[in-house]
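Report on the structure given below.
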Amino acid sequence: MDTLTFDVEKRAVGKSAARAVRRAGNVPCVLYGHHMEPVIFQLAEEHLKKLVYTAETHIVEVRLDGKTFRCILKDAALHPVTDRPLHADFMALKTGEMLTLVVPVHFEGTPIGQREGGNVQVITHELEVRCLPRDIPSHIEVDISELSIGDAIHIRDLEWEGLTFQGRPEQTVVTVVQPRVVVEEVEEVEEEAEETDADEAVDSAEETEEGDA
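Numbering (the numbering used here), first residue to last: 24 to 236.
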């Protein structure tokens, strides 16, 4: 896993101070950890984007006043319109101490069901796991190449050394489904066939009546 190192600066607290930080092109941040006081700092927006807009998990080294803190990005608040980072929370890492975090999922392979005309339906692109800092993966790879139409992979099916997957074991991660358009086309053909049969039956009955007359 890649480690990104950033030199950061302290910041003042409060709404007006946070707005001033953002106007200067930075993002207000807080670093939390067990048995430590929160560390309040500001990080350049361009640096934070490397952590937010990615499909990978990164270890981060924050350097402040001669101290280095190993951590991960825990959460980031984004602007509802511009999607720019407004605030970020970091979680300090401690050797030998378990932590819970969310890791991106990468799906590998082309499912058998997709080659047969099915559609891949991804239910979640990230999973919550519990592990030691040394076992944090940049992402989790899930092989979907053997999935046929109707097959699915659930949390209970996943195995990754050093990780304990959180959530319900029966929770679906990805599945291959029959495309709806095919079903709709079949239904339309059947309806048209039924209408044709009905029309032919009416025509036949009318011809019979005319013959009897």
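Here a beta-carbon is modelled for each residue, glycine too, at the ideal position from N, C-alpha and C.
Quick check: what's the CA-CA separation for residue 27 versus residue 182?
The alpha-carbon atoms of residue 27 and residue 182 are separated by roughly 27 Å.
Just checking my contact of residue 146 with residue 195 at CB under 8 Å: how many whole Å lie between their CB atoms?
Yes, they are in contact, since the Cβ atoms of residue 146 and residue 195 sit about 5 Å apart, within 8 Å.
Between the beta-carbon of residue 161 and the beta-carbon of residue 30, is there less than 8 Å?
No; because the gap between Cβ atoms is not below 8 Å, this pair is not in contact.
Using the three-state DSSP reduction, which class does residue 35 fall into: helix, strand or coil?
Residue state, collapsed to three classes: coil.
At a cut of 8 Å, does the segment 111-121 reach the segment 46-58 through at least three beta carbon pairs?
The segment 111-121 vs the segment 46-58: in contact.
I need the boundaries of the beta strand (DSSP E) containing residue 149, first residue and last residue.
Where residue 149 is concerned, the enclosing beta strand (DSSP E) stretches over 149-154.
Which same chain residues, not among the five before or five after residue 91, have their C-beta less than 6 Å away from its C-beta?
Correct list, in chain order: 84.
Where residue 58 and residue 122 are concerned, what is the direct C-alpha to C-alpha distance, given to the nearest angstrom?
The straight-line gap from Cα to Cα measures roughly 14 Å.
Going along the chain, which residues of its own chain have a beta-carbon closer than 7 Å to the beta-carbon of residue 166, five neighbours each way excluded?
131 and 132.
Do residue 185 and residue 150 have their C-beta atoms within less than 8 Å of each other?
No.
Do residue 93 and residue 63 have their C-beta atoms closer together than 8 Å?
For residue 93 and residue 63, no; Cβs fall outside 8 Å.
Out of 134, 125, 178 and 163, state which residue places its alpha-carbon closest to the alpha-carbon of residue 199.
The candidate whose alpha carbon is nearest that of residue 199 is 134.
Verify whether the separation of the beta carbon atoms of residue 75 and residue 127 is less than 8 Å.
Contact flag unset, no.
Residue 178 and residue 129: beta carbons closer than 8 Å?
No; because the gap between Cβ atoms is not below 8 Å, this pair is not in contact.
Measuring only the C-alpha atoms, how far is residue 39 from residue 148?
Cα to Cα, the separation comes out at about 36 Å.
When you compare only the Cα positions, how much space is there between residue 104 and residue 45?
Cα-Cα distance, rounded: 16 Å.
Per DSSP, residue 111 is paired with what?
Paired residues: 52 and 99.
Buried or exposed: residue 65, going by 16 or more other Cβ atoms within 10 Å of its Cβ?
Result: buried.
To which residues does DSSP link residue 143 through a beta bridge?
In the DSSP output, where bridge partners are listed per residue, residue 143 has 199.
Based on the DSSP secondary-structure assignment, which residues constitute the bridge partners of residue 177?
The partner list for residue 177 (beta bridge, DSSP) reads 195.
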